[in-house]
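**Q** Basically this note's numbering = 1-based index in the sequence shown + 1313.
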Amino acid sequence: RYVYPSLQDDYETVQVYNAPQVNDDYLALYAGKNAPDKVYKNGAHTVKVEILSNQITDATAPDRVATIRYKKIIRRLADNSTRNEYWDARFTFHSNPDKEMSDAEREINYFGFTVTSWQTDREIRGGE
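1. Could you work out which residue in Gly1439, Thr1429, Arg1314 and Thr1433 is closest to alanine 1374 when comparing CA atoms only?
2. Under a three-way DSSP split, which group does arginine 1419 fall into?
3. Under three-state DSSP, which class holds valine 1316?
4. Is isoleucine 1387 closer than 7 Å to valine 1329 when the C-beta atoms are compared?
5. Indicate the three-state DSSP secondary structure (helix, strand or coil) for alanine 1374 in the structure shown.
6. What residue range is occupied by the uninterrupted alpha helix (DSSP H) comprising aspartate 1434?
7. Nearest-angstrom Cα distance between proline 1410 and tryptophan 1400?
8. Expressed to the nearest angstrom, what Euclidean distance is found between the alpha-carbon atoms of aspartate 1371 and glutamine 1432?
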């Protein structure tokens, strides 16, 4: 999702779920020219994500792999128009309930869910 008033909270929350390298990639995304707040012009747009399919399979232990196909519904608030984009995401993850975290982080991520790698690609010709 992308909702500008919630952006800072979402930005901080996502980092609780990331391995250090994934966090570095995530921070670089927001520091770059294609940062979501720049692409969606701060509060000019909202984005709702609709999951179309997901598959979870085994990977190199302890990780598992999630492959997700999703639709971004991008709404321009000035005229309420929408457009859709179709994306594929692949990420590896695991849970470690014994992961060392602060009390505040533990409240957000009780089971120690950790994303260890990720990749997203926009479909050239997406559709339902």
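Don't be surprised by glycine CBs; every beta carbon is placed ideally from N, CA and C.
Computed from a predicted structure; not experimentally measured.
**A** Result, derived from the coordinates:
1. Thr1429
2. helix
3. coil
4. no
5. coil
6. Where aspartate 1434 is concerned, there is no enclosing alpha helix (DSSP H), although the beta strand (DSSP E) it sits in stretches over 1426 to 1435.
7. 30 Å
8. 17 Å
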